[in-house]
Each structure stands twice: as C-alpha cells, then as structure tokens.
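Engineer: Numbering (the working numbering), first residue to last: 1 to 287. No residue lacks a Cβ here, since even glycine has one placed at the ideal position from N, Cα and C. Next up is a structure, given as structure tokens.
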Ligand SMILES: NC(=O)c1ccc[n+]([C@@H]2O[C@H](COP(=O)([O-])OP(=O)(O)OC[C@H]3O[C@@H](n4cnc5c(N)ncnc54)[C@H](OP(=O)(O)O)[C@@H]3O)[C@@H](O)[C@H]2O)c1
C-alpha cells in the first residue's frame, strides 16, 4: 500500500475522543500525512467538516470508551472499514480536581472508567486484529502526570499511572508478535482539558490553602474565562510529534515525551523519587 502524497506506507489509524483537542489534532495530522483514519467520538457530527474535506480517508464512528461491548463492536467495524488497523491511539480522557479526601466514589470510578478502563477495553479489542496482521501500534495518551503527581490531581494521576502500568507490561507481552506500544507522556497543550472538560470534586475548607498555593485560588471550579490566556502549546505540535514517532523505527522509546515542558516535568518527578528512595539506607540508585 502506498500513500498518495509520498513513498511512505499509508497507515490506518483509529483515534478515540477525536472530536476536539488533541484527538482531533491527531486525526488532522494523520490525514495530512496521507494516512486513513477511523475517528471515534461521542458526538460524530463534531467531525462533519473534516469528513467533508476527506471523504475517502476519514470515517467517524460513535463511541463512548466506557462501554466495553460497544468498544469491541466498534473496533471490529473500524477494522473492516479500511480492511486493517495500524495505529490505535487511546486519547479519550479528562482531568479531575479533588484531593483524595474530597473525591466521591462516583468521581473516582468515573475517572478510572474513562482514562484507565476505556483505554484497556480498546487495547484488548484491537489486539486480535494486530495479532492476525502480525503488526500494529498501540499509542496510549498519558501525561507527565503519569510519572509524577500533583496535589488535588491524585485520581487523575492514578488513572494515568494505571494506564502506564499495564501498557509497559503489554509492550513486553506483544513485542514478539510484531506489535508496538508507545506511552506518550504529554506536557501542557491548549485544549479544553483544563477548562470546560475538567471535573471538580466539592472542596473542603481544610484544603483551601492548598488550592490557593497550587492553583492561585481556593475556589472550584476555577475561573473559566481565563482560558483565553492559556499559553500552553498548540495541539498540532503534539500531533506532528506523534506522526513522526509512528513513522520512526521500533528502536524508538516506549515512553515518548511530547511537548517542550515534558522533559523537565519528568526529570523533576524522577529526581524526587530517586531522592526519596535514597532515604532507604540499603538502596543504591543504579549507575
Ligand atoms: N491538554 C493537555 O495539556 C494534556 C496533557 C497531558 C495529557 N492529556 C491527555 O490528552 C487526552 C486528550 O485530552 P485533550 O487535552 O484533548 O482534552 P479535551 O479537549 O477535553 O478532549 C478530550 C476528548 O476526550 C473525549 N472523551 C472524554 N470522555 C470520553 C468517553 N467516555 N468516551 C469517549 N470520548 C471521551 C472528549 O469527548 P467529548 O467531546 O464527547 O467530551 C474529548 O473529545 C486526555 O487523555 C488527556 O488526559 C492532555
């Protein structure tokens, strides 16, 4: 198979949560690279404009990643649309603000249902397709918050650490089957993530000081009108990095740092862990 725009092989992508933000940017970048895309999203009309411009190479399917049976049916349908799947991007996700004491059972379960279980179901559903092809690439959209943590983001951190945990094991399980895994650790990008998509637990007064120090305000939700001054990076930049990574060889890292601020956040998180381990007298940090 060859792309219309280059000698590079044309790939078929499946991207979850593709209606806006990073997911939409991944779709646009893959189409721009001459690839074909099955975009899954909760509100398919959100991609009507793109579908009009790419009638032969883009298909949009409705999917809420929390629904396991729907995930399996949609992945099967997606694989049939273009006859194969090459890259599956588990992008759907959202953030939750609330200290461990503040989050309700529902807050916690919903966070895990989307960010962790949603990605797990999609991964499970696509593995038989990839095994039959003896090729395929699973991309997990994690975060620098999947390496370090931040007060009042503990459940979000837990969801991304859990995603990273099974994905690292998965990489070792499927390498010999010709299947590649990438854990993309993103820094900050200007999407709705910190704004209209963010969910907030009900704050206890005991944590007002923490919120003031962490977010500059004790009030939740914070002031959404400040989105206009969000100077985070353009999601298109993350998408270009991902497309380049997918095209790179299997020697590329399991963990892909995405965004100018990502290496610094990860280095700080690892240094903090190292320093904590060093408080154990018997522990020697490996050279
Ligand atoms: N932006 C950042 O700075 C940043 C940094 C690190 C990691 N990330 C990660 O990047 C991913 C994309 O976030 P974003 O920044 O693009 O935020 P966004 O603009 O809020 O987009 C999130 C997308 O996820 C979808 N989604 C949420 N729950 C879903 C569900 N149950 N089923 C299907 N789709 C669902 C949303 O769909 P609807 O439109 O239907 O709501 C939306 O399309 C997330 O996993 C996030 O944690 C973002």
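Which residues mark the beginning and the end of the alpha helix (DSSP H) in which residue 240 is found?
Structural biologist: Counting from one through the chain shown, the residue named residue 240 turns up at place 240. Residues 235-247.
Engineer: Going by beta-carbon coordinates alone, are residue 61 and residue 103 separated by less than 8 Å?
Structural biologist: Your numbering for residue 61 matches position 61 in the chain shown. Your numbering for residue 103 matches position 103 in the chain shown. Cβ atoms of residue 61 and residue 103: not closer than 8 Å.
Engineer: What is the rounded straight-line gap between the Cα of residue 261 and the Cα of residue 188?
Structural biologist: Working through the chain shown from its first residue, we reach residue 261 at position 261. Working through the chain shown from its first residue, we reach residue 188 at position 188. Looking at the two C-alpha atoms, the distance is approximately 7 Å.
Engineer: Between residue 141 and ligand 1, is there a pair consisting of the residue's CB and a ligand heavy atom that are separated by less than 7 Å?
Structural biologist: The residue you call residue 141 lines up with position 141 of the chain shown. Result yes, Cβ under 7 Å from ligand 1.
Engineer: Exposed or buried, residue 121, counting other C-beta atoms within 10 Å across all chains shown (16 or more means buried)?
Structural biologist: By 1-based counting over the chain shown, the position of residue 121 is 121. Result: buried.
Engineer: Below 7 Å CB to CB, which residues in the same chain sit around residue 278 once its five sequence neighbours on both sides are set aside?
Structural biologist: In the chain shown, the residue the question calls residue 278 occupies position 278. So the list reads 285, once near-sequence residues are dropped.
Engineer: Under the three-state reduction of DSSP, which class applies to residue 182: helix, strand or coil?
Structural biologist: Looking up residue 182 in the chain shown gives position 182. Residue state, collapsed to three classes: strand.
Engineer: Can you have a look at residue 100 and say buried or exposed, based on whether 16 or more other CB atoms are within 10 angstroms of its CB?
Structural biologist: What you label residue 100 is simply residue 100 of the chain shown in a count that begins at 1. It is exposed - the Cβ of residue 100 has fewer than 16 other Cβ atoms within 10 Å.
Engineer: Quick one: what's got a C-beta closer than 6 Å to residue 17's C-beta in the same chain, skipping five residues either side?
Structural biologist: Reading the chain shown from its first residue, position 17 is the one you call residue 17. Once the five neighbours on either side are set aside, the close Cβ partners of residue 17 are 23, 91, 92.
Engineer: Do the stretch 57-77 and the stretch 32-41 make contact, defined as three or more Cβ pairs closer than 8 Å?
Structural biologist: Contact holds: three or more Cβ-Cβ distances are below 8 Å.
Engineer: Is there contact here, the stretch 183-202 with the stretch 216-234, by at least three beta-carbon pairs under 8 Å?
Structural biologist: Yes: the two stretches touch, three or more of their Cβ pairs being nearer than 8 Å.
Engineer: With 8 Å as the threshold, decide whether the Cβ of residue 47 is near any Cβ in chain D.
Structural biologist: No chain D is present in this structure, which holds just one protein chain.
Engineer: Residue 43: buried (16+ other C-beta within 10 angstroms of its C-beta) or exposed?
Structural biologist: Translated into positions along the chain shown, residue 43 becomes position 43. With fewer than 16 other Cβ atoms within 10 Å, it is exposed.
Engineer: Going by the C-beta, is residue 186 closer than 7 Å to any heavy atom of ligand 1?
Structural biologist: Your numbering for residue 186 matches position 186 in the chain shown. The answer is yes for residue 186.
Engineer: Which partner residues does residue 100 have in the DSSP bridge list?
Structural biologist: As a working mapping, residue 100 is identified with position 100 in the chain shown. Residue 100 is not bridged to any residue.
Engineer: Looking at the structure shown, is residue 274 part of a helix, part of a strand, or coil, going by DSSP?
Structural biologist: Position 274 of the chain shown, counted from the start, is the residue given in the question as residue 274. If DSSP states are grouped into helix, strand and coil, residue 274 belongs with the helices.
Engineer: Straight-line CA distance for residue 111 to residue 64?
Structural biologist: Residue mapping note: residue 111 aligns to position 111 of the chain shown, counting from 1. Residue mapping note: residue 64 aligns to position 64 of the chain shown, counting from 1. For residue 111 and residue 64, the distance between alpha carbons rounds to 13 Å.
Engineer: Is it true that the CB of residue 29 sits closer than 8 Å to the CB of residue 247?
Structural biologist: Indexing the chain shown from 1 puts residue 247 at position 247. Indexing the chain shown from 1 puts residue 29 at position 29. Contact: no.
Engineer: Is residue 125 closer than 8 Å to residue 181 when the C-beta atoms are compared?
Structural biologist: By 1-based counting over the chain shown, the position of residue 181 is 181. By 1-based counting over the chain shown, the position of residue 125 is 125. Cβ atoms of residue 181 and residue 125: not closer than 8 Å.
Engineer: Within 10 angstroms of its Cβ, does residue 280 collect 16 or more other Cβ (buried), or is it exposed?
Structural biologist: Translated into the one-based positions of the chain shown, residue 280 becomes position 280. Label assigned to residue 280: exposed.
Engineer: Identify, in the order they occur along the chain, each residue of the same chain with its Cβ nearer than 7 Å to the Cβ of residue 51, setting aside the five sequence neighbours on each side.
Structural biologist: Within the chain shown, residue 51 is the residue found at index 51, counting from 1. The residues are 58, 60.
Engineer: Using the three-state DSSP reduction, which class does residue 90 fall into: helix, strand or coil?
Structural biologist: Within the chain shown, the letter at position 90 stands for residue 90. Strand.
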